[in-house]
Amino acid sequence: MTTPQPLPPGAVAPLARAVVAGIRHAVPEHAPLFDAGAAEFVAALLNGS
Numbered sequence: 000m001t002t003p004q005p006l007p008p009g010a011v012a013p014l015a016r017a018v019v020a021g022i023r024h025a026v027p028e029h030a031p032l033f034d035a036g037a038a039e040f041v042a043a044l045l046n047g048s
């Protein structure tokens with residue numbers, strides 16, 4: 000098993016925005032829960048913060 004490698008600088012924010020956009024598209028009834036701060040939250044999760 001390999002150790003996960005950190006994402007390269009600059010890759011986290013676009014990935015986080017894509018994750019949030021995908022959730023909003025897949026579950027439109029929950030879209031209001033994913034406000035502007037959702038991408039920052041997902042980015043923090045991806046960064047391991």
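Going by numbering that gives the first Met the number 0, the sequence shown wraps up at 48, each residue one higher than the last.
Think of the CB as a built atom: it goes at the ideal place given N, C-alpha and C, for glycine as much as any other residue.
**Prompt:** In the structure shown, what three-state DSSP assignment does Pro27 receive?
**Reply:** In the sequence shown, the residue the question calls residue 27 occupies position 28. Helix.
**Request:** Along the alpha helix (DSSP H) that carries Gly9, what are the first and last residues, could you check?
**Result:** If you number the sequence shown from 1, residue 9 lands on position 10. No alpha helix (DSSP H) contains Gly9, which DSSP labels as neither H nor E.
**Request:** Can you give me the start and stop residues for the alpha helix (DSSP H) that Phe40 sits inside?
**Result:** The sequence position of residue 40 within the sequence shown is 41, counting from 1. Where Phe40 is concerned, the enclosing alpha helix (DSSP H) stretches over 36-45.
**Message:** With the cut-off set at 7 angstroms, would you say Leu45 and Val19 are in Cβ contact?
**Reply:** Walking along the sequence shown from the start, residue 45 turns up at place 46. Walking along the sequence shown from the start, residue 19 turns up at place 20. Taking 7 angstroms as the Cβ cut-off, Leu45 and Val19 do not qualify as a contacting pair.
**Cβ-Cβ distance between Val16 and Ala37 below 7 angstroms** = Here residue 16 refers to the residue found at position 17 when the sequence shown is read from its first residue. Here residue 37 refers to the residue found at position 38 when the sequence shown is read from its first residue. Checking the displayed sequence, the identity of residue 16 turns out to be Arg instead of Val. Going by C-beta atoms, Arg16 is not nearer than 7 angstroms to Ala37.
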